[in-house]
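> Here the numbering used here is used: the first residue of the sequence shown is -13, the next is one more, and so on.
Ideal placement from N, C-alpha and C gives every residue a C-beta, glycine not left out.
Pasting in a structure now, in structure tokens, and then I'll have a few things to ask.
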Amino acid sequence: MSVERPGPEPEDAPALDEGGGVQPGDTPPDAGQTSGLSHPQPMPGRTVPILAFVLIGLLILGIAAFFVARVFALFD
């Protein structure tokens, strides 16, 4: 069974030197060519996460109180 390679044959690839090296300028740069600073990013608010933690805590306490009440009601 023969498997086809998804790309071109290495010996047919353009700009390859002897031994598989490439010419300078044939490869993309290591880093992007953008520089400078962007606009300052706004700081996210703290209200929503704190409110979410409080609501989750109240929900957990309510569920725990429900089960504690059921346990004591069963043993009366």
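Grouping DSSP H, G and I as helix and E and B as strand, with all else coil, what is Pro35?
Of the three classes helix, strand and coil, the one that applies to Pro35 here is helix, per DSSP.
> In angstroms, rounded to a whole number, what distance separates the CA positions of Pro28 and Val34?
Each residue's Cα considered, the two are about 15 Å apart.
> Please report the distance separating the alpha-carbon of Leu41 from that of Glu(-10).
Answer to the nearest angstrom: the Cα atoms are 58 Å apart.
> Alpha carbon to alpha carbon, what distance is there between Phe39 and Ala51?
Roughly 18 Å separates the two Cα atoms.
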